[in-house]
Amino acid sequence: MKTAVDFLTEWAGEEAWKVHILNKVKNNNEIDPPQLLDEVLHLMKTKEAVDFDGESDTSSEMLERKKLIISEIESPKNVNALSGDAQFSLGKNLNVFYGENGSGKSSYVRMFRKLADHYFTSEKDLTILPNVYQEDSAEDHLSQTVGVTYLLDDQIKDDLVDINKPHAELCKINVFDSESVLPLINSDLTFSILPKGFEKFQMVSELLDSLRKEISATIVAEKEKQGRIFSDSSYDYIREEIDRIKEEVKDSDDIQEFLNSNYPRSDSYEEVMEEIDTQIKELESANPKDKITILTAQKTKLKSIKDSFKKLSTVLSRENIEKVNELIKDYEKKIQEEQEFNETFQKNVSFLEVVNDEWFEFVKMGKKYYESISRDHVHEGEACIFCSQSLDSTSVNIIENNFKHISKSNEGLLGSIEKEISKHDTDNIRISLSEEEAALFESEKLDRLHLVGQIR
Numbered sequence: 006m007k008t009a010v011d012f013l014t015e016w017a018g019e020e021a022w023k024v025h026i027l028n029k030v031k032n033n034n035e036i037d038p039p040q041l042l043d044e045v046l047h048l049m050k051t052k053e054a055v056d057f058d059g060e061s062d063t064s065s066e067m068l069e070r071k072k073l074i075i076s077e078i079e080s081p082k083n084v085n086a087l088s089g090d091a092q093f094s095l096g097k098n099l100n101v102f103y104g105e106n107g108s109g110k111s112s113y114v115r116m117f118r119k120l121a122d123h124y125f126t127s128e129k130d131l132t133i134l135p136n137v138y139q140e141d142s143a144e145d146h147l148s149q150t151v152g153v154t155y156l157l158d159d160q161i162k163d164d165l166v167d168i169n170k171p172h173a174e175l176c177k178i179n180v181f182d183s184e185s186v187l188p189l190i191n192s193d194l195t196f197s198i199l200p201k202g203f204e205k206f207q208m209v210s211e212l213l214d215s216l217r218k219e220i221s222a223t224i225v226a227e228k229e230k231q232g233r234i235f236s237d238s239s240y241d242y243i244r245e246e247i248d249r250i251k252e253e254v255k256d257s258d259d260i261q262e263f264l265n266s267n268y269p270r271s272d273s274y275e276e277v278m279e280e281i282d283t284q285i286k287e288l289e290s291a292n293p294k295d296k297i298t299i300l301t302a303q304k305t306k307l308k309s310i311k312d313s314f315k316k317l318s319t320v321l322s323r324e325n326i327e328k329v330n331e332l333i334k335d336y337e338k339k340i341q342e343e344q345e346f347n348e349t350f351q352k353n354v355s356f357l358e359v360v361n362d363e364w365f366e367f368v369k370m371g372k373k374y375y376e377s378i379s380r381d382h383v384h385e386g387e388a389c390i391f392c393s394q395s396l397d398s399t400s401v402n403i404i405e406n407n408f409k410h411i412s413k414s415n416e417g418l419l420g421s422i423e424k425e426i427s428k429h430d431t432d433n434i435r436i437s438l439s440e441e442e443a444a445l446f447e448s449e450k451l452d453r454l455h456l457v458g459q460i461r
């Protein structure tokens, strides 16, 4: 025969949180609903396995699982005025004793009550007198017995039972008399005493109700918090971002990583600016325009500092510093090459007193002219484009050498390197602030030292 715990075990199955609740009920532990809810949610989230408590049944629990049916009563001895020849059979389920007064109904009920561990009665005296017709009046020496035939599962047993001694198997029957029916019924016709084991179902039901109430209260509290977040319509512009976060982040454990990667920020500056925003809102209600203007300038200043630090951290990164060092080395190398080339070439134009940029531009324009007419070289006998005289071999060599000098010059490359280096100049990173805002920031009347301390 299944017990209440057997049915509850089937209900729990392999779900850890249900097994945990059933263990609480079986052990009669004191329950704290908020703590129990935390434990249940933890088990649901972690998928931890939980074993049933008390897996090894006692002999009494094993007996309760068996089917017990009393099929026959016979030969009661020294039980009130019952005849020793009495014999009758019982049904398999509920048995009701009825008859005229003095027929022995109460004697049989009292006898069963003596055998049972579970009985319900309004009587206080459970003593059963011996056979009143017996000549021997020494009650202490009279054994009170009855023959009982019963079925325990599939095994039929026939015992001579002493009703004053505990019987290991027959003690599991349930007995109540007619006088005890009314005290067992409440005004709403429910039983005040539940069948054995039924209280386990009731305890589990009450625990589930308490969890449901805790969850409902938590949901209500969270909804109130969410409602307060958007109480100000100025936050409407971030609703789309919040919907995106809800859609892309499925696990609450991933929310912080998602925010850090998609919405990077400087905590220290954000905290200071948030504090200033709060002060601005507080001051707006009183409308002190001068203080609002000062705080707004403060916020602008801090934002500019924050953006400048961000740019500076990029410029001063290890990767950029190494890149600039390489550019400087390359620039120095090209300068040295240019100087050596100029010294060598100067020997070829020793006939000039001064070699300067104007002369360089003069030769450069000549080279461009030849390129424009698709001429690669100057040939002997041609007219000089500069003086119109016929060119001899010496003149041709001088002009060709000049053109080669222009081709090999590092001037253009040096200019591009200088431009690239200037991009990493920290002097280009400046704090953007109008003159009015700067004056307000310098003359503000609030405790600026406190804010600067926070920034540092």
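Under my numbering, the residues of the sequence shown are numbered 6 to 461, in order.
Note that beta-carbon positions come from the ideal geometry of N, C-alpha and C, so glycine has one too.
Note that this is a predicted model, so its numbers are computed, not measured.
Of all the options the options, which has the alpha carbon lying nearest to the alpha carbon of residue i?
i: glutamine 160; options: Lys72, Asp122, His47 and Gln92; result: Lys72
i: glycine 131; options: Asn169, Asn106 and Thr154; result: The residue you asked about is not glycine; residue 131 is leucine in the sequence shown. The shortest Cα separation from leucine 131 among Asn169, Asn106 and Thr154 belongs to Asn169.
i: glutamate 339; options: Thr150, Ser421 and Asp37; result: According to the sequence displayed, residue 339 carries lysine and not glutamate. Comparing Cα positions, the closest option is Ser421.
i: aspartate 214; options: Ser112, Leu42 and Ile74; result: Leu42
i: glutamate 246; options: Tyr155, Leu264, Lys50 and Lys369; result: Leu264
i: lysine 409; options: Lys255, Ser398 and Val383; result: Val383
i: lysine 82; options: Tyr374, Ala91 and Ile74; result: Ala91
i: cysteine 392; options: Ser108, Asp381, Gly371 and Glu376; result: Gly371
i: asparagine 1; options: Lys255, Ile250, Glu275 and Asp256; result: No answer is possible for residue 1: it lies beyond the span of the chain, which begins at 6 and ends at 461.
i: proline 38; options: Gln231, Leu212, Lys177 and Ile243; result: Leu212
i: lysine 50; options: Leu120, Asp256, Thr399 and Asp397; result: Asp256
i: serine 80; options: Glu15, Leu396, Asp163 and Glu252; result: Asp163
i: asparagine 98; options: Lys119, Ser76 and Glu376; result: Ser76
i: phenylalanine 93; options: Ile404, Lys308 and Val153; result: Val153
i: lysine 119; options: Val151, Leu147 and Ser398; result: Val151
i: alanine 21; options: Glu44, Val10, Ala9 and Ile36; result: Glu44
i: valine 209; options: Trp16, Ile403, Glu275 and Ile404; result: Trp16
i: glutamate 385; options: Glu376, Thr399 and Glu253; result: Thr399
Counting along the chain, where does the beta strand (DSSP E) carrying residue i start and finish?
i: lysine 162; result: 160-167
i: phenylalanine 93; result: 92-94
i: lysine 82; result: 73-82
i: threonine 132; result: Premise fails: threonine 132 is in no beta strand (DSSP E) and is neither H nor E.
i: valine 45; result: Looking at the DSSP string, valine 45 is not in any beta strand (DSSP E); the run it does join, the alpha helix (DSSP H), is 38-51.
i: isoleucine 157; result: At residue 157 the sequence reads leucine, which differs from the isoleucine that was named. Per DSSP, leucine 157 belongs to the beta strand (DSSP E) from 150-157.
Going by DSSP, what residue range makes up the alpha helix (DSSP H) through residue i?
i: phenylalanine 117; result: 110-120
i: threonine 14; result: 9-17
i: glutamate 252; result: 244-253
i: alanine 21; result: 21-31
i: glutamine 261; result: 260-267
So, is residue i buried or exposed, given that buried needs 16 or more other C-beta atoms within 10 angstroms?
i: phenylalanine 3; result: Because the chain is modelled from 6 through 461, residue 3 falls outside the range shown and cannot be assessed.
i: glutamine 149; result: buried
i: isoleucine 114; result: The displayed chain sequence assigns valine, not isoleucine, to residue 114. Under this definition valine 114 is a buried residue.
i: leucine 48; result: buried
i: isoleucine 26; result: buried
i: isoleucine 333; result: exposed
i: isoleucine 1; result: Outside the shown range of the chain (6 to 461) lies residue 1, about which nothing can therefore be said.
i: leucine 165; result: exposed
i: tyrosine 155; result: buried
i: asparagine 100; result: exposed
i: isoleucine 78; result: buried
i: phenylalanine 12; result: exposed
i: serine 64; result: Note that serine 64 has pLDDT 47, beneath the 50 cutoff, so the model's placement of it is unreliable and the number below is only indicative. It is exposed - the Cβ of serine 64 has fewer than 16 other Cβ atoms within 10 Å.
i: serine 192; result: exposed
i: phenylalanine 117; result: buried
i: valine 225; result: exposed
i: leucine 179; result: According to the sequence as given, residue 179 is asparagine; it is not leucine. That one is exposed.
i: alanine 173; result: exposed
i: proline 171; result: exposed
i: serine 221; result: exposed
i: isoleucine 243; result: exposed
i: serine 112; result: buried
i: alanine 302; result: buried
i: asparagine 406; result: exposed
i: alanine 388; result: exposed
i: lysine 23; result: buried
i: lysine 177; result: buried
Return no unless some Cβ of chain C is closer than 8 Å to the Cβ of residue i.
i: glutamate 280; result: In the structure shown, chain C does not exist; there is a single protein chain.
Nearer than 7 Å: is that true of the beta carbon of residue i relative to any heavy atom of the ligand PLP?
i: lysine 255; result: In the structure shown, the ligand PLP is absent, as is every other ligand, since no ligand is present at all.
If you pair each beta-carbon of the region 202-215 with each one of the region 31-43, do three or more pairs fall below 8 Å? Touching, yes, given that three or more Cβ pairs across the two stretches are closer than 8 Å.
Assess, as a yes-or-no matter, whether the region 49-57 is touched by the region 73-93 under the definition of 3 or more beta carbon pairs within less than 8 Å. No, the region 73-93 is not in contact with the region 49-57.
Can we say the region 276-288 touches the region 254-266, given the rule of at least three CB pairs closer than 8 Å? By the Cβ rule, the region 276-288 does not count as touching the region 254-266, because fewer than three pairs are nearer than 8 Å.
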